[in-house]
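Asker: In the UniProt record's numbering, the protein residues as written are 1 to 85.
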């Protein structure tokens, strides 16, 4: 595995949801971001929705999850599963 791909899809009550997939081979339109040895791939067409987004891997109690801090998100649904831009 080379890293993780962050993209978006239309879903939920607010409009868009984040999608994380493992990357074995990058797509030709992927942008690559690297920090502390971790690689994040993002398709060029997703950038209008995720540009500037910070991704944190956190542990909350017994749960481990990714948290997204997106400055472009204008609203989020109550469950936190989708966002609008």
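We put the beta carbon where it would ideally sit given N, CA and C, even for glycine.
1) Please give me, in chain order, every unbroken run of the alpha helix (DSSP H) with length at least 4 that falls completely inside the UniProt domain "Core" (4-81).
2) Assign residue 42 to buried or exposed, taking buried as 16 or more other Cβ atoms, counted over all protein chains shown, within 10 Å of its Cβ.
3) Within this structure, are the beta carbons of residue 12 and residue 81 separated by less than 8 angstroms?
4) Hey, would you say the C-beta of residue 22 is under 7 angstroms away from at least one heavy atom of the ligand NAD?
5) Three or more C-beta pairs closer than 8 angstroms, one from the region 45-54 and one from the region 65-78: is that the case here?
Answerer: This is what the structure holds:
1) Listed in chain order, they are 47-50.
2) Taking all protein chains shown into account, residue 42 has 16 or more neighbouring C-beta atoms within 10 Å of its C-beta and is therefore buried.
3) When the beta-carbon positions are compared, residue 12 and residue 81 come within less than 8 angstroms of each other.
4) Looking for the ligand NAD in the displayed structure turns up nothing, as the structure carries no ligands at all.
5) Output reads yes: the region 65-78 touches the region 45-54.
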